[in-house]
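Residue 1 is where the sequence shown starts when you use the UniProt record's numbering, and the numbers rise one by one after that. The structure appears below as structure tokens.
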Amino acid sequence: MNHYSRTNCHWFRLGILLLCSAPSGIGFGNDKIVDWENPSVIGINKLPPRASGWSSPDIETAMKVDYRGAELSPWVRSLNGEWSFHWSPRPEIRPKDFFRTDYDVTAWDKIAVPGTWQTQGYGTPIYRNYGYVFKVDPPRVTSEPDQRYTAYELRNPVGSYRTEFVLPDDWSERKIFLHFAGAKSAMYLWVNGKRVGYSQGSRCPADFDVTTFVRPGNNVLACEVYRWCDGSYLEDQDMWRLSGIFRDVFLFCKPQTHLWDVYLATDLDDEYRDGTIRLNSTIHNSFDDTVPNISLSVKLFDSNNRPVGKTAEIYCHSVEEMGPDDQLEIVSPPIGIATPQKWSHETPILYTAIVELKAGDQTLEVQSAKVGFRKVEVDHQGFRLNGQEVKLKGVNRHEHHPDFGGYIPLESMVDDIRLMKQANINLVRTSHYPDDPSWYELCDEYGLMLLDEANVESHGLSYHKNVLPGDLPEWREPVVDRMRRMVVRDRGHASVVMWSLGNEAGYGSAFIKMADTCRQLDPEQRPIQYADMNLPCDVDSQTYPTIDWLTKHLKGEAIRKGEDGQLSSSEAHGIYPSGKPFFMNEYAHAMGNSVGNLQDYWDLIDSEHLLIGGCIWDWVDQGLRRIDSDGRDYIAYGGEFGDFPHNSNFCMNGLVDADRNPHPHYYEVKKVYQSVEVRASGLTTGEFEILNKHAFLDLDYLDLCWELMREGVVVSHGRVSNLHVPAGGARIISAPYDPLPANDNSDYLIKFEFRLRYATAWAKAGFCVGWSQIVLSEYHGVRNLIRLDGIASSIDLQESPAGYRLTAINNTGVQVEYLIGKSDGMLWTAKYENNNLLSGPMALSFWRAPTDNDLGWELPKQLGLWERAASTAVCQSVTAKQEKNRSASVEATIELPEIGGRIHLRYLLSPSCQLLVTYRLELPHKIPSPPRIGVTFRIPRDFQYVSWYGRGPHESYQDRLTSAAVGVYGAQVDSWAHQYPRPQESGNRADVRWITLTNEAGEGLRISARQRLLNVSAWPYQLEDLTSNKYSYRITRSGFNTLNIDYSQMGVGGDNSWGLPVHEEYLIPSEGEYEYAFVIDCVPQNLKQSSKKSDTTMKKSSDQQKILDVSTGLDIRNSLQKQYDFDNDTIPTEESFLMKWKSRK
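The following block contains the structure:
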């Protein structure tokens, strides 16, 4: 049975005036209510919503046309480009008659459309986390604010736009429309001097019928865009507040009898084997006469453009006639499709549907739509896609570009998707508004699920409260309209698997109406989410729940709280517990050096069906490029443009920076989110269990590569191709390495990497999608570093007024010398052949430059005594003695009055000419936890080349170790620390066995862990530089490098950045004794011979990503072993390895 309804109601003329009965005007003054301060006016002559499709004259053309390829249709013209532009700081001084065709705009500036005007030099960008940047006086946006506000002088600026277009000759008998994909925040439109309409609700398109306004040949288009309107009370999102025509503008035509909206809903049967497809379409007849013999057909083609069935036609519906100004709503019955290929984030298979409208034998119009067969379900068993449980490994993404603000070029969208896919992200929340239509097409094709969010946030008024829209009738339709337009536009996209009613806008009956509207418009009944009001939703959600909160929630014991600590009501969330699956719409706040304890979150999520996943906040640093007074460009955050009020660097929360370069925590996300794992099964037999955590893919699309490493050097390796492990399954494999020597105390590790067998749309062949590393035997310390050629012929201990000098001469005549000061007990010099390897005395270190998270929980206030502990230390005694075993030692006792603790230091010069430093801190009573415990060195500036055996290649901390594999890595000091937008602690490498820093001549020092593994970092500046600068790029390099050798450092945290501290298990316990030891050794020139030619390679490698493949985590020893012809049966010494590294070529 065919289903359709017919109306004869002048649809295009009446339906669009839904909320326009109130007085309206475009004047400015206290005596008149203007449209843009009237919530009853959300559009004038704006057409009903539709899917993002275009008309074509024939099937062949339609097969090529999508939103991105609009101009492949002869019936679509892009109006993007340079427009004439005038900016006015206030509405009352705007050029009021600029839309007249005789108005001269030749002296006006030119502006790029699409684009935001603030990023093109007009007005002031304002960054605000939440809270309005104008006087709060709804619905007014021009009331007088605080005089400090940017909006005090710039009281709702207006952008006046003008352009011209030529109407094609063959469009003369057709319906003509204008399409604005996004204009913020409110816009009037004129064509040829006549007013066409008005739109607000900036993140969904506005279509206008301009048939009666255009003329043959040249036409004048004018737009007047207001920075703020009453709708801005619903757009209080955490972002830069920018404005302008920031998305595409198209002119398009249709036949007089035409398709308006086309949507194809898909479903799967209960066995998820066979599918159905159902057409939902709107036909409109604009003729004044009756049109006979109207037919509508659907043809379906598979992913290779082959017809489904013999003819591809799966549906045809006929109507005897359509009357003048008639409208048909056609809903087909479900059409069965036997065993279609299914769409998922892992297998993004799309069909092409061709919808053809005819009058008799004449084709009137053809539209195409991409179709994915898939079924989404949620219940107490979790989130299921096509019947399989899927954990949502998500991220929040604002539309942001450092040069264009809210306008995102297509290539930037593709970059985002590729980086997300490479990081094993499978879901993106379009925080906090519908995105550009091209984004949805790309996500359909690449395989990213979307949580599509309505453009509704009133955080500054309503978070956890019933305020606006709340239960207010005048605000209900504006938010329902935003929901309606989003759902109708995006419901045809397979990538959209969940809807969101908005973000942080409180609760009330308006949201119940939004949810009802969504369900009426979405035949697929995708689940609905909204954290501020779970009651009308299909999943429960809450922002930034801790692991402890989630654990209590699973027991039905959690307490939901409002913004100010008050309990949220059942009016907002319903009964508790609800039994609904739980989704974290925001978690793991990635501000600065962050995203600690992510693995802990996912250990819990993976163990519980009810926890379906979450979206990290957020994807990209929202910084804007700026030029400083010295001509240097940098990425600026709030306040840099004189904007007020602002929230400084709170916009810098990305996994990637504004230019899409990954931050170190990006790799943590990639590792934790991966869908492959290897576990030890039988270490003595070389057997390992491969776990496939994919929902749909067999692992046969991957190669498994393994490497056995002794002391970081690859001694055996292999590959498993045609790796067959079904989705959700496991398999035992063998890594055929020889048994480990029984008397060998070396540390052995085996690493497995899963690499793409073939190139994909998002990565090249060989790309590592995941890895595991297993310890076969533990590190036993520095015993193997004593060299046969390093036995000292003599060790001398000398006392002077300054301190104790320890001198050794080895059996080759080389002299090493160490001086320990009497005044402070610190190591002052470390000389090799009279070359001092230190640029200043060793110093105690307990402090770190506070991270953004640290500032959020007031670390300087809570732990400030540790910042003063080193500077107030008092050396109580320094003693020395000659040992019997041809060694000498110096011991120092240092009191720490600030914390009531004591440090014991012992320096032992051994017969191997190495200095063993033993450090013991005593804390007799419990005090606040120290940020770090360790020592810091100043080393010569030219000690630029660093290599280390420990976790890497990127930085790692106690609560962010998962992604850092143990191996031998190389870098340069200048790039070893990561530059976060605001200077803060960075660059730490955990579990370090040894580290060397050398100059171009190959001379330097090596520090090795005695037993307890080290935390190590090196910077080309000092700690004070990190705390005294606002931007990392402004830090001036010191005349020396800083080297930190730590017992431990606390984690970085990341539950949020405004109050929650580092988890207790990742703090340093603050009572008891702490002891570690390390060996200082000179790196002799003859062990690091080099030439300027060989060092050129290292010089060019100005960051570690050029030295090794950070994205795969492959340690440098493997690649260097192959370059320098180390045999698999040969275990090179550390010295021979380093010598070959530096003498390459």
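Note that CB positions come from ideal geometry on N, CA and C, so glycine has one too.
In the three-state DSSP reduction, C615 falls in the strand class (E or B). The distance from the Cβ of S52 to that of Y67 is about 5 Å, consistent with a contact at the 8 Å cut-off. Judged by DSSP in its simplified three-state form, L827 adopts strand. Rounded to the nearest whole angstrom, the C-alpha separation of V220 and Y188 is 14 Å. The C-alpha of S681 is placed about 15 Å away from the C-alpha of S777. A distance below 6 Å between beta-carbons, with the five flanking residues on each side excluded, links Y1033 to the following residues of its chain, in chain order: Y634.
Cβ atoms of D659 and P402 come within 8 Å of each other, at about 6 Å. Counting along the chain, N853 sits inside the alpha helix (DSSP H) bounded by residues 852-856. For the pair H553 and Y969, the Cα-to-Cα distance works out to about 43 Å. Around the beta-carbon of A183, 16 or more other beta-carbon atoms lie within 10 Å, marking it buried. Only residues of its own chain outside the window of five on either side were considered, and among them S56, I354, V366, Q367, S368 have a CB closer than 7 Å to the CB of A62, listed in chain order. If you draw a 10 Å sphere on the C-beta of N218, you find fewer than 16 other C-beta atoms in it, and that means exposed.
Taking the CA atoms as reference points, S281 sits about 27 Å from V41.
For G803, the enclosing beta strand (DSSP E) starts and ends at 803-810.
Counting the other Cβ atoms within 10 Å of the Cβ of Y161 gives 16 or more, which makes it buried.
The beta-bridge partner set that DSSP reports for D302 is empty.
For M322, the uninterrupted beta strand (DSSP E) run begins and ends at 313-322, by DSSP. The alpha-carbon of P930 is positioned some 13 Å away from that of K861. Straight-line spacing of the CA atoms in D104 and E224 works out to 16 Å. As the crow flies, the alpha-carbon of A990 is around 14 Å from that of Y779.
According to DSSP, I294 shares a beta bridge with V319, A359. Here the alpha carbons of V1079 and P940 stand approximately 19 Å from one another. Its Cα nearest to that of W847, the residue V935 stands out among E833, V935, G579, V720. For A359 against I283, the beta-carbon gap comes to about 11 Å, at or over 8 Å, which does not count as contact.
Per DSSP, reduced to three states, the secondary structure at Y601 is helical.
For V714, the uninterrupted beta strand (DSSP E) run begins and ends at 713-720, by DSSP. In this structure the segment 868-887 does not touch the segment 1046-1055; the number of beta carbon pairs closer than 8 Å is below three. DSSP, reduced to helix, strand and coil, places W117 outside both helices and strands of the structure shown, so it counts as coil.
Cβ atoms of V620 and H398 come within 8 Å of each other, at about 7 Å. DSSP places D415 in the helix class (H, G or I) of the three-state scheme. S1008: member of the beta strand (DSSP E) spanning 1004-1009, first to last residue. Between P91 and N38 the beta-carbon gap is near 14 Å, outside 8 Å, which marks them as no contact.
When DSSP states are grouped into helix, strand and coil, E955 belongs to the coil group. Taken through DSSP and simplified to helix, strand or coil, V488 comes out as helix. Using a Cβ distance threshold of 9 Å, G447 and S594 do not count as a contacting pair.
Nearest in C-alpha terms to V166, of all of A763, I176, G159, is I176.
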